[in-house]
Amino acid sequence: MDLWEDPAIQSAILDYLESSQLLASFTTMGGVALREGAQCHCSLPERVGSDVLLLCQFDFEERVPFGGAGDQHLRQQGQVHLRLDAAGKVTDAWLCRPNAC
Numbered sequence: 000m001d002l003w004e005d006p007a008i009q010s011a012i013l014d015y016l017e018s019s020q021l022l023a024s025f026t027t028m029g030g031v032a033l034r035e036g037a038q039c040h041c042s043l044p045e046r047v048g049s050d051v052l053l054l055c056q057f058d059f060e061e062r063v064p065f066g067g068a069g070d071q072h073l074r075q076q077g078q079v080h081l082r083l084d085a086a087g088k089v090t091d092a093w094l095c096r097p098n099a100c
């Protein structure tokens, strides 16, 4: 199993995306990304020294308030590029950069 396939690493990736507001980049106006139940799958590894660059696709639930009608829950998805160090810690993540999309 590759480092990024480890469930603990995938959970840490999702935690990073949530804390850096990258999950929120994929919500609708006024929606709130919910970390619970989110899933992540990374592929296309590219080694850069001891780090690994990855393309990660994820999906998560979004809560959208509709006033008196109550909250609606939508399933959202997105993808980001990220850098993992040798220990599996996310050191950077981005939506798109030159030569990386």
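Last residue of the sequence shown? That's 100 in numbering that gives the first Met the number 0, and every number before it is there in order.
Heads up, the beta-carbon is just placed ideally off N, CA and C, and yes, glycines get one too.
The structure presented is a predicted model; accordingly, all values stated were derived computationally and were not measured.
Cβ neighbour criterion (16 or more within 10 Å) applied to residue i
| i | result |
| --- | --- |
| Glu61 | buried |
| Asp95 | The question names Asp, yet the displayed sequence has Cys at residue 95. Exposed is the call here. |
Alpha carbon of residue i to alpha carbon of residue j, nearest angstrom
| i | j | result |
| --- | --- | --- |
| Asp5 | Gly30 | 29 Å |
| Val51 | Asp58 | 22 Å |
| Met28 | Pro44 | 33 Å |
| Arg46 | His72 | 38 Å |
| Ala66 | Ser18 | Reading off the sequence shown, one finds Gly at residue 66, where the question assumed Ala. The straight-line gap from Cα to Cα measures roughly 27 Å. |
C-beta neighbour in chain C for residue i, strict 9 Å
| i | result |
| --- | --- |
| Asp1 | Among the chains of the structure shown, chain C does not appear; only one protein chain is present. |
Helix, strand or coil at residue i according to DSSP, with G and I counted as helix
| i | result |
| --- | --- |
| Leu33 | strand |
| Ser19 | coil |
Among the options, the one whose alpha carbon lies nearest that of residue i
| i | options | result |
| --- | --- | --- |
| Arg101 | Cys55, Ser10, Trp93, Gln56 | One cannot answer for residue 101 here, as it falls past the ends of the chain, which runs 0 to 100. |
| His40 | Leu13, Ser19, Leu22 | Leu13 |
| Thr26 | Arg74, Arg82, Asp70 | Arg74 |
Cross-strand partners of residue i (DSSP beta bridge)
| i | result |
| --- | --- |
| Leu81 | Leu53, Ala92 |
| Asp58 | Gln38, Gln76 |
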